[in-house]
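Note sheet for the following structure.
Chains as they are written, first to last, in our numbering: chain A, 1 to 305; chain B, 306 to 670.
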């Protein structure tokens, strides 16, 4: 399979296709490539350009090339480093929770029990809820210290209510985002479990591996690859979490839940500093690429194994 | 060292009876092959012996001890699966040593036993590879190695050669027979391929629709099939079945009528056949027990001639409508479209009643 693709790739590179045919293939590709270029490269290029310019919507007449001043200002700003830290805490925390819960749910949902189809649907359901809606449900129906469901449960247990977004804002945010993304991890891991050869489990049974050992030695290694892919895909989405923050904490209290994405929003749309926001955006791209680089390497190694 | 005893073993899936009351004893160190078409229950029977399926009814004894409720790893049996079922993320050594690791054996002992099995199976250079880097034949060997390392009382094979190409299959077949001799262990082998069954087995169990059709040595099944199913299943090309009518059943001679004015007489067996004169019967004749003659009881037109080198298969469209296959030597000069006459070997053949059960056999054994 690998060999076949490399071979055909070499064949194209060596120019074995007739020129006319090659022109035609480029012609056929061009709408998609063009659309992609407009969609991805134009905004990227504009962000890059703005990041080296003084460009504030409050003073549109005072603009011009300022070199790396936007970056200097940003890197010396403590809120930038707070935002980076918050982003990492949020992404890594949610990743850990979703992978663990996703594995547990997928193992449970892969068992045979009455009502399994309904249970699967229930576990997957949060994924269909739009992020602002999910955040509002949690904020107003569950986390609310006066009327919320959790406050009521705590009251029944004789415990005082917790003002989630005041006292543990990051934890509250992580709970919401993890609730949204656990279904995604569950779905991928459940599909992976269904592709596990049942004869492997039977062979392990014959070899004397009990249920726990079968999970440790057969099932979990089988899930390593899909888990790596889940981590990669989730990271891409989690780095750009925004709606949940806007609808619950608005980055606060203070800067407790201001992530890099949210910082860019504050700079661009609250402070009208397009240049500074663009610089933060470029740094966010760099950060995302560093994460992607390590993840791709991990996944690639995993795919080889 | 394992003697297996099945007493009226049955398997139900809901209302469907997959295995119907099988009685069977597998002697210690015997190589027994379960053979039959797909869906005959052979794999289910094997899985019940392995403990991977519950036994719905009846009893299983291993070395005299009732084993119905014994978990699979405690039965002392090792299984080689059709898909090999190797653990993809473990090395060859890891795969082979897994059972010992689960049993809590010390590392040195595991390494020693794995090394020993690898030597027997010529897997030593591959011990650090992963299964996906191995060829089909090598994977097969690792799967067998994984079974050997456990030093089981018996081996269970579930169609282990069906994923290999034809040449490798023939090679592995002889290797398995040698392995059986070297290990002196009880082996049960499931296949749908009657050639594998004939070449490897001490005894063959032919299964049909969840029932045991016949148990016997390969040659017993070949020469003395208990019924039409076994007669048709064992042997390739298939045994020829000719419908006939018993005309006269005398104390010395029995006469069959294949078609009006074409009769066949042979010495009556003792005791005499328990059928009424005029009853319909089926005469079974193997292709190699027919020969071309000037004038014989069978006549027909040659339809297809297959030259296989060592032998020639001739398909003769018989005058009564059926096709008869004749196996002859390659020097045969029979041509397609020719009208030929066939004679039966004087003391070979089987006679079956209308229910398909054998009435008697003309055979050397």
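The beta carbon of each residue, even a glycine, is placed where N, CA and C say it ideally should be.
Item to check | Among A/132, A/104, A/137, A/138, the one whose alpha carbon lies nearest that of residue 123 of chain A | outcome: The residue you call residue 123 of chain A lines up with position 123 of the first chain. Cα-wise, what sits closest to residue 123 of chain A is A/104.
Item to check | residue 540 of chain B versus residue 204 of chain A: straight-line alpha-carbon distance, rounded | outcome: As a position in the second chain, residue 540 of chain B is number 235, starting the count at 1. As a position in the first chain, residue 204 of chain A is number 204, starting the count at 1. About 37 Å.
Checklist entry - By DSSP, does residue 630 of chain B sit in helix, in strand, or in coil? => result For the purposes of this step, residue 630 of chain B is identified with residue 325 of the second chain, where counting begins at 1. Looking at residue 630 of chain B - three-state DSSP - the assignment turns out to be strand.
Checklist entry - Quick one: is residue 269 of chain A buried, meaning 16 or more other Cβ sit within 10 Å of its Cβ, or exposed? => result For the purposes of this step, residue 269 of chain A is taken as the residue at position 269 of the first chain. Exposed: under 16 other Cβ atoms inside 10 Å.
Checklist entry - Rounded C-beta distance between residue 135 of chain A and residue 244 of chain A? I'm assuming under 8 Å. => result One-based indexing of the first chain puts residue 135 of chain A at position 135. One-based indexing of the first chain puts residue 244 of chain A at position 244. Yes, they are in contact, since the Cβ atoms of residue 135 of chain A and residue 244 of chain A sit about 4 Å apart, within 8 Å.
Next on the checklist: Which residues of the region 379 to 406 of chain B have a Cβ closer than 7 Å to any Cβ of chain A? Give them in chain order.
Outcome noted: 383, 384, 386, 388, 390, 392, 394, 403, 404
Item to check | Own chain partners of residue 323 of chain B with C-beta closer than 8 Å, once the 5 adjacent residues on each side are dropped | outcome: Within the second chain, residue 323 of chain B is the residue found at index 18, counting from 1. Only 316, 317, 346, 349, 515 meet the Cβ criterion.
Next on the checklist: Residues of chain B with CB closer than 9 Å to the CB of residue 200 of chain A, please, in chain order.
Outcome noted: By 1-based counting over the first chain, the position of residue 200 of chain A is 200. Those are 386, 388, 390, 391, 392, 393, listed as they occur along chain B.
Checklist entry - How big is the Cα-Cα spacing for residue 132 of chain A and residue 379 of chain B? => result The count along the first chain starts at 1 and reaches residue 132 of chain A at position 132. The count along the second chain starts at 1 and reaches residue 379 of chain B at position 74. Going from the Cα of residue 132 of chain A to the Cα of residue 379 of chain B covers about 56 Å.
Checklist entry - Can residue 185 of chain A and residue 222 of chain A be called in contact, C-beta distance under 9 Å? => result Sequence index remark: in the first chain, residue 185 of chain A carries index 185 (1-based). Sequence index remark: in the first chain, residue 222 of chain A carries index 222 (1-based). With contacts defined by Cβ atoms closer than 9 Å, residue 185 of chain A and residue 222 of chain A do not form a contacting pair.
Next on the checklist: List, in chain order, every chain D residue whose beta-carbon is nearer than 9 Å to that of residue 23 of chain A.
Outcome noted: Here chain D cannot be found, since the structure's protein chains are A and B.
Next on the checklist: Can you list, in chain order, the residues of its chain with a C-beta nearer than 6 Å to that of residue 50 of chain A? Leave out the 5 residues immediately preceding and following it.
Outcome noted: For the purposes of this step, residue 50 of chain A is taken as the residue at position 50 of the first chain. The residues are 274, 275, 278.
Checklist entry - residue 453 of chain B and residue 425 of chain B look like a contact to me (Cβ under 8 Å); what is the Cβ gap, rounded to whole Å? => result On the second chain, position 148 is the one that residue 453 of chain B refers to. On the second chain, position 120 is the one that residue 425 of chain B refers to. Their Cβ separation, rounded to whole angstroms, is 7 Å, which keeps residue 453 of chain B and residue 425 of chain B in contact under 8 Å.
Item to check | At least three beta-carbon pairs within less than 8 Å, the region 619 to 627 of chain B to the region 588 to 608 of chain B | outcome: yes
Next on the checklist: Counting only C-beta atoms, is residue 203 of chain A closer than 9 Å to chain B at any point?
Outcome noted: For the purposes of this step, residue 203 of chain A is taken as residue 203 along the first chain, with counting starting at 1. Cβ-Cβ to chain B under 9 Å: yes for residue 203 of chain A.
Next on the checklist: Rounded to whole angstroms, what is the Cα-Cα separation between residue 373 of chain B and residue 551 of chain B?
Outcome noted: Position 68 of the second chain holds residue 373 of chain B. Position 246 of the second chain holds residue 551 of chain B. Straight-line Cα distance between these residues: approximately 48 Å.
Checklist entry - For the beta strand (DSSP E) that contains residue 572 of chain B, what are its first and last residues? => result As a position in the second chain, residue 572 of chain B is number 267, starting the count at 1. Element bounds for residue 572 of chain B: 567 to 572.
Checklist entry - Can we say the region 172 to 191 of chain A touches the region 107 to 125 of chain A, given the rule of at least three CB pairs closer than 8 Å? => result Because the criterion of three Cβ pairs below 8 Å is met, the region 172 to 191 of chain A and the region 107 to 125 of chain A touch.
Checklist entry - If residue 363 of chain B sits next to residue 311 of chain B, beta carbons under 8 Å apart, how far is it from one beta carbon to the other, in whole angstroms? => result The count along the second chain starts at 1 and reaches residue 363 of chain B at position 58. The count along the second chain starts at 1 and reaches residue 311 of chain B at position 6. Contact holds; Cβ gap of about 7 Å.
Checklist entry - Can you list the residues of chain A that residue 377 of chain B reaches, using a CB-CB cut of under 7 Å? => result As a position in the second chain, residue 377 of chain B is number 72, starting the count at 1. Here the neighbours are 205, 206.
Checklist entry - Going along the region 103 to 114 of chain A in order, which residues come within less than 7 Å of chain B, judged by CB to CB distance? => result Listed by position along the chain: nothing, the set is empty.
Next on the checklist: Once DSSP output is grouped into helix, strand and coil, what is the label at residue 509 of chain B?
Outcome noted: For this step, residue 509 of chain B is matched to residue 204 along the second chain. Reduced to three states, the DSSP call for residue 509 of chain B is strand.
Item to check | Where the alpha helix (DSSP H) containing residue 443 of chain B begins and where it ends | outcome: For the purposes of this step, residue 443 of chain B is taken as residue 138 along the second chain, with counting starting at 1. Counting along the chain, the alpha helix (DSSP H) containing residue 443 of chain B begins and ends at 441 to 454.
Checklist entry - Does residue 3 of chain A get closer than 9 Å to chain B when you measure Cβ to Cβ? => result Within the first chain, the letter at position 3 stands for residue 3 of chain A. Note on residue 3 of chain A: pLDDT 43, under 50, position unreliable in the model; the coordinate value appears next. Output row for residue 3 of chain A: interface = no.
Checklist entry - Can you tell me whether residue 106 of chain A is buried or exposed, with buried defined as 16 or more other CB within 10 angstroms of its CB? => result For the purposes of this step, residue 106 of chain A is taken as residue 106 along the first chain, with counting starting at 1. With 16 or more neighbouring CB atoms inside 10 Å of its own CB, residue 106 of chain A falls in the buried class.
Next on the checklist: Helix, strand or coil, according to DSSP, for residue 257 of chain A in the structure here?
Outcome noted: Here residue 257 of chain A refers to the residue found at position 257 when the first chain is read from its first residue. It is coil, neither helix nor strand.
Checklist entry - So which residues of chain B does residue 221 of chain A contact, with C-beta pairs closer than 7 Å? => result The count along the first chain starts at 1 and reaches residue 221 of chain A at position 221. The contacting residues are 394.
Next on the checklist: Is there a Cβ of chain A sitting closer than 9 Å to that of residue 524 of chain B, yes or no?
Outcome noted: Within the second chain, numbered from 1, the residue matching residue 524 of chain B stands at position 219. Residue 524 of chain B does not count as touching chain A.
Next on the checklist: Within 9 Å of any Cβ in chain B, is that where the Cβ of residue 218 of chain A sits?
Outcome noted: Looking up residue 218 of chain A in the first chain gives position 218. Cβ-Cβ to chain B under 9 Å: yes for residue 218 of chain A.
Checklist entry - Cβ of residue 338 of chain B within 9 Å of Cβ of residue 493 of chain B? => result For this step, residue 338 of chain B is matched to residue 33 along the second chain. For this step, residue 493 of chain B is matched to residue 188 along the second chain. Taking 9 Å as the Cβ cut-off, residue 338 of chain B and residue 493 of chain B qualify as a contacting pair.
Checklist entry - Hey, is residue 213 of chain A's beta-carbon within less than 9 Å of any beta-carbon in chain B? => result Numbered from its first residue, the first chain carries residue 213 of chain A at position 213. At least one chain B Cβ lies under 9 Å of residue 213 of chain A.
Checklist entry - Got a sec: which bits of the region 339 to 358 of chain B sit with their beta carbon under 9 Å from any beta carbon on chain A, in order along the chain? => result 352, 355, 356, 357
Checklist entry - Between B/652, B/592, B/502, B/420, which lies nearest to residue 546 of chain B when the distance is taken from Cα to Cα? => result By one-based count along the second chain, residue 546 of chain B stands at place 241. Taking only the C-alpha atoms, the option nearest residue 546 of chain B is B/592.
Item to check | Helix, strand or coil at residue 212 of chain A [DSSP, three-state] | outcome: In the first chain, counting from the first residue as 1, residue 212 of chain A sits at position 212. Residue 212 of chain A falls in the helix class under three-state DSSP.
Checklist entry - Residues in its own chain within less than 6 Å of residue 98 of chain A by CB, not counting five upstream and five downstream? => result Taking the first residue of the first chain as 1, we reach residue 98 of chain A at position 98. Taken in chain order, the residues that qualify are 178, 181, 182, 185.
Checklist entry - Does the beta carbon of residue 455 of chain B sit closer than 9 Å to a beta carbon anywhere in chain A? => result The sequence position of residue 455 of chain B within the second chain is 150, counting from 1. Yes, residue 455 of chain B counts as interfacial toward chain A.
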